[in-house]
Amino acid sequence: MKRRDFLHYSGLGLGAMMVPGLVAFSKPVPAEHLLAPGMDAAAKKLLADVALNTTKSLGATYTDVRIGRYLQQYLFTREKNVQGITNAESFGVGIRVIANGTWGFSATSDVTPDGIKKCAETAVAIAKANSKLQKEPVELAPVKAYGEVSWKTPIQKNAMEVPVKDKIDLLLSVNNAALDNGAAFVNSALFMINEQKYFASTDGSYIDQDIHRIWPNFTVTAVNRQEGLFRSRQALSAPMGMGYEYLDGLASEKFMNPAGFNSYRNSYDMVEDAVTAAKHAKEKLTAKSVQPGKYDLMLDPEHLGLTIHESVGHPLELDRVLGYEANYAGTSFATLDKWETKNFKYGSDLVNIVADKVQPNSLGNVGWDDEGVQTKEWDLIKNGVLVNYQAIRDQAKIINESESHGCCFADNWSSVQFQRMPNVSLKPGEAKMSPNDMIKDIEKGIYILGRGSYSIDQQRYNFQFGGQLFYEIKNGEIAGMLEDVAYQSNTQEFWNSCSALCDKDDYRLFGSFFDGKGQPSQVSAVSHGSPTTRFDGVNVINTGRTI
Amino acid sequence: MAILTQEQAKAIIDKVLSYAKADETEVTISGGRTGNIRYARNTVNTSGETNELSLAITSVYGKKSGTTTINEFDDESLKRAVARAEEIAALAPENPEYMPVLGPQNYAESKTFAKATDSINPDYRAQLAVDSIQPCVENNLTAAGYLEDFTGFVATGNSKGLFGYNQSTSVDFTVTVRTADGTGSGYAGKDFNDASLLKAGPVTNIAVQKAKASVNAQAIEPGKYTVILEPMAANDLLRLLTSAMDARNADEGRSFLSKKGGGTKLGEKLFDERVNIYSDPNHPDIPSAPWSGEGLPLEKTTWVENGVVKNMFYSRYWAQKQGVQPVPRPRGVIFEGGDQSLADMIRNTERGVLVTRFWYIRAVDPQTLLYTGLTRDGTFYIENGQIKFPVKNFRFNESPIIMLNNIEAMGKPERTGGNMVPPMKIRDFTFTSLSDAV
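Chains A and B supply the protein sequences, listed in that same order. If you use this note's numbering, the first sequence closes out at 547, no skipped numbers anywhere. If you use this note's numbering, the second sequence closes out at 1438, no skipped numbers anywhere.
In structure tokens, the structure reads:
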């Protein structure tokens, strides 16, 4: 049994221990504790210096220290009931060193000079022990000494400051809205995270960061008991690197999509979406089953984000390409020899995909990554050609880069940092084009919105994706809702079939709040921006079955 | 200190309960050591060990509950923790579905603890990595593998006098072996309570053989095939079926077990009559802790008998609401099979596809339990009773319900992923496209 399963079973209905997505060593705390100030930066600097001095005296050639306070508030409701409220804190320190050319890592929740000293000694001992198996010494790309700096997610309203009652009231009103509009069942949830991360390294940086993320979500289900049918529709929200202001539902951030209901940009109207979702769930019960075949697909950003994530984000992780994830997530079709040709056509000329950790409102947005590298934006695919990967300090030289891309991340103080996906986004088209303009040119197509079933092979060639909503397009117009839709394609073929992009006014962020990677598994949160985009002649299958 | 004896744990729980003022109080202490080693490209990347000991207190007033956890066990800390849990409970909203804590229960002795696993140390893990990497280096192959071991305990007690204590251990080892040119890949894995049963070398050798044998896979047309699923592959799909047997979802009309016109399919024959599925916490190969997540004693339970659905999971709340006895969710299930070996099954197959395992399995339609995913790390074409050549990986779209109506033969069950699952020969398994992935 895995540790997580053990915890799952160890309690008799213990709320906090059974909640998914909590970081390691989280302890339940009262809600007001989430607003209590943590240790100040000066005190953290003193503690970090204990680690840096200890490891240096033991012969380490590099050390970084991460003192992290991870605060989480998760609320869950179902119909008229509050199912759970979790307020949790995880506080500790992780120390990573290079000794004898080898990485060593140790972590402790004993954030005192003594605790940190012992932890630092263990990290060096582990590095020295592992060095016996090391084949090539670790080589780090240089990084600037930033001195004492800080960064904060530019939020307007700290979600932790909003009373729990107000949040519960919101969720219950979402549920009521869905039930009043014909839903049989509704589950809703709010996930709020605040990471207070302090980083120090022997390269001369002391970096204090205050990072905020939020995710409102729901699932609405409609049931036809006579026919024995049920259908669900999930929220069309995106998890964001924002404060509670994301839930303001500003009219200026809404727009009517070609299917005739509102989509949301940087402000989400959860109650309105629940009303629409209930109507959609009922409509799905009687929607036409798709005729399989080739269709031109028009993919909304709240759907396309996941396709980007799976077919571009993951295959361009350099550790995957090199084989470090072979036993779990897999390797990648985007091998170094393809990249070295400088003409590997990943997609059509229209396809420009960038990686970044700097986009406002995105989940990946931070000032510095978890090895003290200032974040930036860089090209992955330019005019359809594969031009780069995602690399951190000990990988940069493999792809002839002089510096890290700044995408190193650990999900907790107790986890060792490694290369994680930054935001990976498709640039909008230069020419003016709205979704309503795009649809006019499509004779036989399907307009897909929302995150559905998604599956891709271990080298990221073959994928099959579903969605939340499917609309048939006939001769430039929406011709009603479809069901049982999934599209199957090959990554390179798919991106080369990209034939049109909407412009920057349609650009929106999609997000993945709990993306998993590594053994033991770590989660991270990542956004994917894109405009509504057209792909020609994609194979659509019918997923309806009779049992 | 991470592992307390039953007496130590009980003393602490009793002390906590003596400080409690709430209507009901529940205390759980859990602790243990989790170790791991991870290697890739024939070298160790990470290894570590985590020790945890934690005490959780849930206090309840009426239908309002609050939980706190601590890892300091002195009297003052325990008193403060009790007070905090009571404070959180007082401020919590009511949970209309809250069920009062259980009274004393009879929990059977479990067989979940093995000394060999408890004794694992960093040297053991390093040696396991060497044992696995060595045959790969010798064969010019590349290994990537992961071992996770656990030893620990859980003790639980409440203000109505319930007490339970259980110690358990586990090891879970997986390895992927790839050819140097990346044209062949093999996988093998084993999980046990008792580490003395785990032999990294022989497990790795299975992956080595599969990697070598899968080089230069040929493309064959997707479509409906007779497949032989190794136990790991069969479990990948069958576990999705057994985990979906929740009574509440069925009663609410949103399950494959919901019936047209209302009601559930309990008592109906949904599968081939050879399908028998049960759970047993005392099964020698997959022993489990003696109580469920809700604290109910786990007993031998039949889920499917001769293809007929005999039981669904009923939570305590839902059982009370429906006026039936609660049926706890099992921790591991046993799919009965037959006596044939995998080799026998291959020998008796005219044309078919042998599948080592599936990957990236995702729900497509919860109504029919339709899932999609891909074959991975060893897929072979069988003709006239022999493995003829490796084939490219397939994407499937299939439901375990349909699969269990298309059984040709079943072999001897073995432990995989915490369940006992036989190799299965299934006709008309639906492959919908080809993948170039190796």
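Glycine included, each C-beta is placed from N, C-alpha and C at the ideal position. These figures come from a predicted structure and were not determined experimentally.
Within 9 Å, strictly: CB atoms of residue i and residue j
i, j, result
"T1156/B", "V1027/B", "yes"
"L469/A", "R233/A", "yes"
"F1358/B", "N1419/B", "no"
"S1168/B", "S1110/B", "yes"
"G94/A", "Q417/A", "yes"
"R1464/B", "T1226/B", "Nothing about residue 1464/B can be reported from this structure: the residues present for chain B run from 1001 to 1438 only."
"V138/A", "G182/A", "no"
"P1330/B", "W1291/B", "no"
"I1447/B", "D1236/B", "Absent from the structure is residue 1447/B, since the part of chain B shown begins at 1001 and ends at 1438."
"L75/A", "T86/A", "yes"
"T546/A", "T1368/B", "yes"
"P30/A", "E1087/B", "yes"
"Y244/A", "I168/A", "no"
"S415/A", "A107/A", "yes"
"G1378/B", "T1349/B", "no"
"P28/A", "A88/A", "yes"
"Y295/A", "V538/A", "yes"
"V385/A", "F333/A", "no"
Start-to-end residues for the beta strand (DSSP E) that takes in residue i
i, result
"K1212/B", "Segment A1200 to A1213 is the alpha helix (DSSP H) holding K1212/B; no beta strand (DSSP E) there."
"A1380/B", "Rather than Ala, the amino acid found at residue 1380/B in this sequence is Phe. Looking at the DSSP string, the run of the beta strand (DSSP E) that includes F1380/B is L1370 to E1383."
"F191/A", "F185 to S201"
"G305/A", "Counting along the chain, G305/A falls outside any beta strand (DSSP E), though it belongs to the alpha helix (DSSP H) covering P301 to I308."
"E89/A", "N81 to A99"
"E1305/B", "T1301 to E1305"
"D379/A", "E377 to K382"
"T1025/B", "E1024 to A1040"
"P1390/B", "Q1386 to P1390"
Integer Cβ distance of residue i from residue j, believed to fall under 8 Å
i, j, result
"L52/A", "T63/A", "5 Å"
"A1207/B", "L1128/B", "Incorrect: roughly 14 Å between the Cβ atoms, too far for contact."
"E1230/B", "P1400/B", "Wrong, their Cβ atoms sit about 16 Å apart, outside the cutoff."
"G321/A", "N423/A", "A small fix is needed here, since residue 321/A is Val in this sequence, not Gly. Not a contact, Cβ separation roughly 19 Å."
"N1042/B", "T1142/B", "6 Å"
"D208/A", "S267/A", "That belief does not hold up - the Cβ atoms of D208/A and S267/A are roughly 29 Å apart, past 8 Å."
"S1132/B", "V1171/B", "S1132/B to V1171/B, Cβ: 13 Å. No contact."
"S1433/B", "R1376/B", "Contact flag wrong, Cβ pair sits at about 14 Å."
Coarse secondary structure for residue i, derived from DSSP in three states
i, result
"K342/A", "coil"
"T54/A", "helix"
"V1137/B", "helix"
"H33/A", "helix"
"L170/A", "helix"
"A1217/B", "coil"
"G313/A", "helix"
"D515/A", "strand"
"S1292/B", "coil"
"R225/A", "coil"
"F494/A", "helix"
"V358/A", "coil"
"A60/A", "coil"
"M39/A", "coil"
"S1196/B", "helix"
"Q395/A", "coil"
"K1310/B", "coil"
"F246/A", "Per the sequence shown, the amino acid found at residue 246/A is Tyr instead of Phe. Note: Y246/A maps to helix in three-state DSSP."
Residue i, enclosing alpha helix (DSSP H) - first and last residue
i, result
"V271/A", "M270 to T286"
"D1014/B", "Q1006 to Y1019"
"M1245/B", "Segment: none, M1245/B is in no alpha helix (DSSP H) and carries neither H nor E."
"D114/A", "P113 to N130"
"E325/A", "Here E325/A belongs to no alpha helix (DSSP H), and DSSP marks it neither H nor E."
"Y1317/B", "R1316 to Q1322"
"P1422/B", "No alpha helix (DSSP H) contains P1422/B, which DSSP labels as neither H nor E."
"L133/A", "Premise fails: L133/A is in no alpha helix (DSSP H) and is neither H nor E."
Beta-ladder partner(s) of residue i, from DSSP
i, result
"I155/A", "Partner(s): none; I155/A has no beta bridge."
"G1442/B", "In this structure chain B extends from 1001 to 1438, so residue 1442/B is not present and cannot be described."
Any non-hydrogen atom of the ligand MG within 8 Å of residue i CB
i, result
"L297/A", "Here there are no bound small molecules, and the ligand MG is not part of this structure."
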